[in-house]
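Heads up: take any position in the first sequence, counting from 1, add 102, and you land on the working numbering.
We put the CB at the ideal spot given by N, CA and C, even for glycine.
Remember, predicted model here, so these are calculated numbers, not experimental data.
Step one of this worksheet: look at the structure below.
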Amino acid sequence: MMKTHTCGELRLKDVGAQVAMAGWVNRRRDQGGLIFIDLRDRWGITQIVVDLESAPAAHAVADSARNEYVLQVHGLVRIRPEGTANTDLATGEIDIVADDIILLNPSRTPPFYINKDDGHVDEALRMRHRYLDLRREAMQSNILLRHKTVKFIRDFLDKEGFIEIETPILFKTTPEGARDFLVPSRLQPGMFYALPQSPQQLKQLLMVGGFERYFQIARCFRDEDLRGDRQPEFTQLDLEMSFVEREDVMQLMEALATEIVKEITPRKRLISEPFKRISYRDAFEQYGTDRPDIRFDLRSIDISHIAGRSAFPVFVENVKAGKKVKCMRVPGVAANLSGTQLRKVTRDLETMARRAGAKGLAYITIPSDPADQLRGPIGKHFSVELKLELIEAMDAQGGDLLLFMSDRAEIVYAVTDALRNHFKAEMDLDDDLLAFCWVIDFPEFIWDEERKRWDPSQHMFTMPLPEDLDLLDSDPGRARGSQYDLVCNGHEVGGGSIRIHDREIQEKIFPLIGQSMEHAMREFGHMLEAFEYGAPPHGGMAWGIDRLVMLLAGAPNIREVIAFPKTQNGTDIMAHAPSFAEDEQLKDLHIQLDLPEE
RNA sequence: GGGGGCGUGGUGUAGCGGUUAACAUGCCGGCCUGUCAAGCCGGAGAUCGCGGGUUCAAAUCCCGUCGCUCCCGCCA
Numbered sequence: 103m104m105k106t107h108t109c110g111e112l113r114l115k116d117v118g119a120q121v122a123m124a125g126w127v128n129r130r131r132d133q134g135g136l137i138f139i140d141l142r143d144r145w146g147i148t149q150i151v152v153d154l155e156s157a158p159a160a161h162a163v164a165d166s167a168r169n170e171y172v173l174q175v176h177g178l179v180r181i182r183p184e185g186t187a188n189t190d191l192a193t194g195e196i197d198i199v200a201d202d203i204i205l206l207n208p209s210r211t212p213p214f215y216i217n218k219d220d221g222h223v224d225e226a227l228r229m230r231h232r233y234l235d236l237r238r239e240a241m242q243s244n245i246l247l248r249h250k251t252v253k254f255i256r257d258f259l260d261k262e263g264f265i266e267i268e269t270p271i272l273f274k275t276t277p278e279g280a281r282d283f284l285v286p287s288r289l290q291p292g293m294f295y296a297l298p299q300s301p302q303q304l305k306q307l308l309m310v311g312g313f314e315r316y317f318q319i320a321r322c323f324r325d326e327d328l329r330g331d332r333q334p335e336f337t338q339l340d341l342e343m344s345f346v347e348r349e350d351v352m353q354l355m356e357a358l359a360t361e362i363v364k365e366i367t368p369r370k371r372l373i374s375e376p377f378k379r380i381s382y383r384d385a386f387e388q389y390g391t392d393r394p395d396i397r398f399d400l401r402s403i404d405i406s407h408i409a410g411r412s413a414f415p416v417f418v419e420n421v422k423a424g425k426k427v428k429c430m431r432v433p434g435v436a437a438n439l440s441g442t443q444l445r446k447v448t449r450d451l452e453t454m455a456r457r458a459g460a461k462g463l464a465y466i467t468i469p470s471d472p473a474d475q476l477r478g479p480i481g482k483h484f485s486v487e488l489k490l491e492l493i494e495a496m497d498a499q500g501g502d503l504l505l506f507m508s509d510r511a512e513i514v515y516a517v518t519d520a521l522r523n524h525f526k527a528e529m530d531l532d533d534d535l536l537a538f539c540w541v542i543d544f545p546e547f548i549w550d551e552e553r554k555r556w557d558p559s560q561h562m563f564t565m566p567l568p569e570d571l572d573l574l575d576s577d578p579g580r581a582r583g584s585q586y587d588l589v590c591n592g593h594e595v596g597g598g599s600i601r602i603h604d605r606e607i608q609e610k611i612f613p614l615i616g617q618s619m620e621h622a623m624r625e626f627g628h629m630l631e632a633f634e635y636g637a638p639p640h641g642g643m644a645w646g647i648d649r650l651v652m653l654l655a656g657a658p659n660i661r662e663v664i665a666f667p668k669t670q671n672g673t674d675i676m677a678h679a680p681s682f683a684e685d686e687q688l689k690d691l692h693i694q695l696d697l698p699e700e
């Protein structure tokens, strides 16, 4: 071994020890006859002192060393002289007096700073030299956090009787869901494997296979456009349990989430224990999304019963037509605005609302001085009594801005979501607060207007809620699924459901989602057949590990917790992937290119 | 497919019609035996992402394009 100790472990108690250490030059301070080197490795930084008189050869190496040179140092652990301890450093009470330094490898001058984390570096540059970016303290701690999280999950689930089972990466394309990544088969010309979007089918078959409690840290692939919290390949904690009901899975998963936070990131706070549960409908009605960030309380509130009695024609007509008028109270923003400033603010908000599909955005401000009038163009359409009712319904205070939305439900949702995201960006929310909540009672199906058919809101194996089973025949649109999504700070970190283990129920689903039995048998025959051999009742969940770790790390996107992520265009600018294949390879695979003309 | 942001020495920024393109840091050289974002002195380093246009004059204005990024669509 080239080191007897790491760069993070030596303390006063080690004074007098002869040690060997190795690592990177984090920083060098040249005093002439005396050179200090901060030697860095994964565990920390230790100061090396090199004296020209007592170790001239080591001094010569230290003299030529530069940042990121790789050194091995032999020396004596010594207490630092009175007054020279460094309290910022865990190892700051000692240093190593070098008697020998070996240059293991020099380094070119790095293209960006490894040894300090202030300032923003162009992401393309970081990606081009990701191996250097990973040396930075922030990345090291993110990747370490990820390791600890996954390790904790494995230990937790092992204790709960789960076993880890691998499933194929080369599997079968599925017509539903996201776009598949395809892998051509050489042995079966013209045929393709698909990379799994999730081990969904396989984990259910493992339940039929009698393992009862399965999990996997599974790589998943979806060929869709990227986002800050979406990569084409990502990691799921995938798990499935037999002989459970919805509540069993949710409770165990909530315990896992809670314990991860307490164990791995104790300085983070959970917004509530147990986690709040929000119905899918309430999530949309109040927050305009099924993954609400409940760290802030801007909500859309139905005030149709008030607005319908106003003299504002749009509201009156909409309420008559059965549409809602909803109001969002933005606390305090109007308090110190001049008329001109207020008009600019509301004009910008209206632009946002229009972009989300609204025809306009009405507003009223509540005066700070009760003697003043309400400001805003629709104020005059509300009588004094209605205004008081409105203020009471919205719990409005002086200086508040009330925003009104009235349109088709989907548009009101989109506007609510857009406005909330806008104000969220200005709020500087606390990343140490983890606002977990469950979203439940999803509809089993969502109507696809274009194709005139029902689509599964999660997937076709989701069991409807037991009390809604009859609705499959009478009113499928009202049937709720057993799905549960775990949401945190506006990100979907996981989701699952109880699955259909009964072939009869499964066979009811296919025609509803526009699939013939022949098609179903062709694509999912193996599943249906499996369900006929004593499939146990089962359910499970899949977690987005990247998103979870991102939230635990307080990182702004999942690339910060993935060692080698793709750029937004789905490329790797370090290794230059994807790349063209050799003609020979294509020939083996019986593939001819048909590229678009430029 | 659509909308927004960014692109200036190695890095991070300033400059936003006429500047010798500025500052910090890094880099190179010199001095220095208790520094720790070491200090002091000196030096090198930029076709202002790329292409085109407007103008007497473009880093600056316009158009296009490329790269990175945020969002919508998409992601069961």
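Simplified DSSP state of residue i, which is helix, strand or coil
i: T148; result: strand
i: S243; result: helix
i: K218; result: coil
i: P82; result: An answer regarding residue 82 cannot be provided, because it is not within the stretch 103 to 700 covered by the chain.
i: T46; result: Residue 46 lies beyond the range of the chain shown here (103 to 700); nothing can be said about it.
i: M123; result: strand
i: L400; result: coil
i: D696; result: coil
i: T211; result: coil
i: M702; result: It is not possible to answer for residue 702, since the shown part of the chain is limited to 103 through 700.
i: E266; result: strand
i: V175; result: strand
i: T564; result: strand
i: R256; result: helix
i: K115; result: helix
i: G583; result: strand
Element boundaries [alpha helix (DSSP H), containing residue i]
i: G441; result: 441–457
i: D235; result: 232–235
i: N420; result: 415–422
i: M309; result: 302–310
i: F386; result: Here F386 belongs to no alpha helix (DSSP H), and DSSP marks it neither H nor E.
i: P158; result: 158–166
i: D685; result: 685–690
i: V427; result: It is not in any alpha helix (DSSP H) - V427 instead sits in the beta strand (DSSP E) that spans 426–432.
i: P613; result: 605–614
i: Q353; result: 348–366
i: L573; result: 573–576
i: I408; result: 406–409
For residue i, the first and last residue of its enclosing beta strand (DSSP E)
i: L588; result: 586–590
i: T337; result: 335–344
i: F294; result: 294–296
i: E594; result: 593–600
i: G627; result: Counting along the chain, G627 falls outside any beta strand (DSSP E), though it belongs to the alpha helix (DSSP H) covering 619–633.
i: I319; result: 315–323
i: A137; result: The amino acid occupying residue 137 in the given sequence is Ile; Ala does not appear at that position. Unbroken beta strand (DSSP E) run through I137: 136–143.
i: K482; result: Neither: K482 is in no beta strand (DSSP E) and is coded neither H nor E.
i: A644; result: 640–646
i: V486; result: V486 -> not in any beta strand (DSSP E); alpha helix (DSSP H) instead, spanning 486–496.
Where residue i falls, given that 16 or more other Cβ within 10 Å makes a residue buried
i: E170; result: buried
i: I196; result: buried
i: A622; result: buried
i: M123; result: buried
i: H628; result: exposed
i: A679; result: exposed
i: Y215; result: exposed
i: F377; result: buried
i: G641; result: buried
i: Y233; result: exposed
Any non-hydrogen atom of the ligand MN closer than 7 Å to residue i Cβ
i: D219; result: Here there are no bound small molecules, and the ligand MN is not part of this structure.
Check: Does the region 374–394 touch the region 474–488, meaning 3 or more C-beta pairs lie closer than 8 Å?
Finding: no
Notebook entry, point to check: Going along the chain, which unbroken runs of the beta strand (DSSP E) with 3 or more residues stay wholly within the region 508–550?
Noted result: 538–542, 547–550
Check: Between the region 645–663 and the region 595–603, do three or more beta carbon pairs fall short of 8 Å?
Finding: yes
Next item on the list: Could you say if the region 546–565 and the region 598–618 meet the contact criterion of at least three C-beta pairs nearer than 8 Å?
Entry: yes
Next item on the list: Evaluate the contact criterion for the region 266–277 versus the region 307–323: three or more CB pairs, one atom per stretch, below 8 Å.
Entry: yes
Margin query: When you compare the region 559–577 with the region 497–511, are there three or more beta-carbon pairs, one atom per stretch, that lie closer than 8 Å?
Written below: no
Note to self: Under 8 Å: do the region 174–188 and the region 226–239 share three or more Cβ pairs, one atom per stretch?
What the structure shows: no
Check: Hey, is the region 363–380 in contact with the region 646–661, meaning 3+ C-beta pairs nearer than 8 Å?
Finding: yes
Margin query: Three or more C-beta pairs under 8 Å: does that hold for the region 350–367 against the region 658–675?
Written below: no
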